[in-house]
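Participant: Each residue of the sequence shown is one higher than the one before, starting from 912 at the first, in this note's numbering.
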Amino acid sequence: MRELLVTGANGQLGQELQRARLSDGWRVVALDRAALDLTDPAAIAAKVAERPWAAVINGAAYTAVDKAESDQVAAWQVNAVAPAAFASACAAANVPLVQVSTDYVFPGDREGAWHVDDPVAPLGVYGASKLGGELAVRTSGARHAIVRTAWVVSAHGHNFVKTMLRVGAERGHLRVVADQHGSPTGAADLAAALLTIAMRLVKDADAPTGTFHFSNAGATTWAGFAEEIFRQSAMRGGATATVEGITTAEYPTPARRPANSLLAHDAIERAYGIIPRAWNEALGDILDELIVPKENGK
């Protein structure tokens, strides 16, 4: 049995990694923070050395973007120091590491999709700490794949889709930012991509390493995303609301957001043959899980 060590068991990605259907001979062992303290490098090293893992997928992260601005130590511990510990331990054990990163490493200050080798310039603590994790993995000597993603949503945990459905049902009219551009990412689709990469790294000593981008295909804004959520929700008999687009300046937050989070997929398509599907298709699967169809007018 080939075992994949996964962190962030209770997060959106961690739950989808556990739900994914694996071929015979593979198993996901997912740990939450109670099982592994990500602020303890020695505990991380011990866990990696505990058994002959096939690969490690570090999907855990400090993702409270605004809180990170005032909670810098915790953000750096989880997003940079922990990946450094995983990478060092994986290098020593000759175990491949898949590290999940973010569009927030980019400044978002130009049009067009960001490519893997474009210059990085984080706007805040969250992005800077995730970039620190990237650099630690990249220079560790471990065989690795760093996968940047953006706008992750699912039927689990706290995310934009679930917030829109809840608040839309309460208010009926929402004001949503319309000048930040990106592509939503279904956590299930991201999990499938990470598993494809991890298993290839295990089976093929010559599998491509380095940095890759994965999000679902297509571009929208947060306001456009909200409109599509309510359009598809209404089709399923769920909550609906009208959406009014506003500017980022009209919705101030402690942390600055990239105005453009679009990620180019050419590297992951070329290296692994992974071609993301459209974001609205991934959204449909999420809504199918969240919205129970009404029967007989009930």
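Here a beta-carbon is modelled for each residue, glycine too, at the ideal position from N, C-alpha and C.
Assuming L915 contacts A966 under a Cβ cut-off of 8 Å, what Cβ separation, rounded to an integer in Å, is found between them?
Facilitator: 5 Å
Participant: When the Cα atoms are used, what is the spatial distance from K958 to A1137?
Facilitator: Approximately 41 Å between the Cα atoms of the pair.
Participant: For the candidate residues D1014, L1105, P1018, A956, whose alpha-carbon lies nearest to that of V888?
Facilitator: The displayed coordinates of the chain run from 912 to 1209. Any statement about residue 888 would go beyond what the structure contains.
Participant: Closest by CA to A986, which one among I1202, V1036, P1187?
Facilitator: Nearest C-alpha to A986: V1036.
Participant: Go ahead and label E1139 buried or exposed: buried means 16 or more other beta carbons lie within 10 angstroms of its beta carbon, across all protein chains shown.
Facilitator: buried
Participant: Checking 9 Å against the spacing of the C-beta atoms, do P1187 and A1128 come in under that value?
Facilitator: yes
Participant: Residue ranges of each beta strand (DSSP E) run of no fewer than 3 residues wholly in the segment 1003-1070, ordered along the chain?
Facilitator: 1008-1013, 1055-1060
Participant: With burial defined as no fewer than 16 other Cβ atoms inside 10 Å of the residue's Cβ, what is the status of P1163: buried or exposed?
Facilitator: It is exposed - the Cβ of P1163 has fewer than 16 other Cβ atoms within 10 Å.
Participant: Suppose the cutoff is 8 Å on Cβ atoms and the five residues either side in sequence are ignored; what does the same chain contact list for V1048 look like?
Facilitator: P994, A995, F997, A998, L1008, Q1010, H1055, I1057
Participant: Return yes when the Cβ of A1099 is within less than 9 Å of the Cβ of R930, no when it is not.
Facilitator: yes
Participant: If you check the beta carbons only, do T1096 and T1131 fall under 9 Å apart?
Facilitator: Contact flag unset, no.
Participant: Run through DSSP, which three-state label would R1082 get?
Facilitator: helix
Participant: How would you call T1153, buried or exposed, if buried means at least 16 neighbouring beta carbons within 10 angstroms?
Facilitator: exposed
Participant: Report all residues from its chain with a CB closer than 7 Å to the CB of K1209; omit the five preceding and five following residues, and keep chain order.
Facilitator: Since pLDDT at K1209 reaches only 39, below the 50 mark, its modelled position is unreliable, and no value is offered.
Participant: Contact between the segment 1063-1072 and the segment 1024-1044: three or more CB pairs below 8 Å?
Facilitator: no
Participant: Using the Cα positions of Q983 and D1014, report the straight-line distance between them to the nearest angstrom.
Facilitator: 19 Å
Participant: Using only alpha-carbon positions, find the residue among L1173, A1039, K1114, E1045 that is nearest to D977.
Facilitator: Comparing Cα-Cα distances from D977 to each of L1173, A1039, K1114, E1045, the minimum goes to A1039.
Participant: Taking the C-alpha atoms as reference points, what is the distance between N1191 and G1135?
Facilitator: Spanning the two alpha carbons is a distance of roughly 11 Å.
Participant: Leaving out five residues on either side along the sequence, give the residues of the same chain with a beta carbon under 6 Å from the beta carbon of Q926.
Facilitator: Hits under 6 Å: H1067.
Participant: Taking just the CA atoms, how far does T918 sit from R938?
Facilitator: If I take the Cα positions, the gap works out to 14 Å.
Participant: So what does DSSP say about R913, is it helix, strand or coil?
Facilitator: strand
Participant: Enumerate in chain order the residues of its own chain whose CB-to-CB distance from R1021 is below 8 Å, with the five nearest sequence positions on each side excluded.
Facilitator: N1171
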